[in-house]
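S.K.: The number in the working numbering is simply the position in the sequence shown, starting from 1, with 75 added.
Heads up, the beta-carbon is just placed ideally off N, CA and C, and yes, glycines get one too.
Below is the structure I would like to discuss, written out as structure tokens.
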Amino acid sequence: MPESTSSPRPVDSVLSDVNGDTWLDVIEVSRNELRVLLNTNGTFSSAFSTNLQGAMAVAAGDVNDDNRPDIYVMRGSSGTSTNAADRVYLNSGTGKNFTQMSSIPSTSQGQAESVWPIDYDGNGLTDFLALNGNAQSAGPVQLIAFFRAP
């Protein structure tokens, strides 16, 4: 596939069926953008994008029990020496609209490295393991857990 001059080069990507049609879609981040590309019978088309700063890693999983993958974006430093706050985007169900959650626990320590979806507590909702360190900069490992509303 030829490189597009209109979209920045991705730094991370993940496959996930964001619209429920059984075809795996592409979720990718570049340093300054989150993009979702829907897969329609093997053809990918841009369905959602939003600007952001310092994106380093992306993961997907259902955090609100609607059976549609939501998106976790890990952000690193963007011109400063501290990590920017990570973000979670809730899927409207179509894979074309995502709403940013108001806030999630984040750390400014270490250096953003990777994020992994898990169900740590076995409640059926996706939690995320955020790794904030590497050989150059030690940092905390975070468990970002999601729970059903009472």
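Which ranges would you report for the beta strand (DSSP E) in the region 142 to 208 if only whole runs of at least 3 residues count?
M.R.: Segments of the beta strand (DSSP E) lying fully in the region 142 to 208: 145 to 150, 162 to 166, 173 to 175, 189 to 193 and 202 to 206.
S.K.: For residue 125, which three-state DSSP category applies?
M.R.: The answer is strand: DSSP assigns residue 125 an E or B state.
S.K.: Just how far apart, CA to CA, sit residue 187 and residue 98?
M.R.: If you take the alpha carbons of residue 187 and residue 98, they lie about 30 Å apart.
S.K.: Please return the same chain residues whose Cβ sits closer than 7 Å to the Cβ of residue 201, not counting the five positions on each side in sequence.
M.R.: Closer than 7 Å at the Cβ level, and outside the excluded window around residue 201, lie 136, 137, 138, 192, 194 and 221.
S.K.: How many Å lie between residue 199 and residue 213 at the Cα?
M.R.: Straight-line Cα distance between these residues: approximately 31 Å.
S.K.: Within 10 Å of its beta-carbon, does residue 211 have 16 or more other beta-carbons around it, so buried, or fewer, so exposed?
M.R.: Exposed, by the Cβ-count rule.
S.K.: Between the C-alpha atoms of residue 158 and residue 181, what's the straight-line distance to the nearest angstrom?
M.R.: When rounded, the distance between both Cα atoms is 9 Å.
S.K.: For a quick check, are the C-beta atoms of residue 163 and residue 149 less than 7 Å apart?
M.R.: Result no, Cβ atoms of residue 163 and residue 149 do not sit closer than 7 Å.
S.K.: Starting from residue 110, trace the beta strand (DSSP E) both ways and give me its first and last residue.
M.R.: Residue 110 -> beta strand (DSSP E) spans 108 to 115.
S.K.: Inspect the beta-carbon positions of residue 166 and residue 145 and report whether they are closer than 7 Å.
M.R.: Yes.
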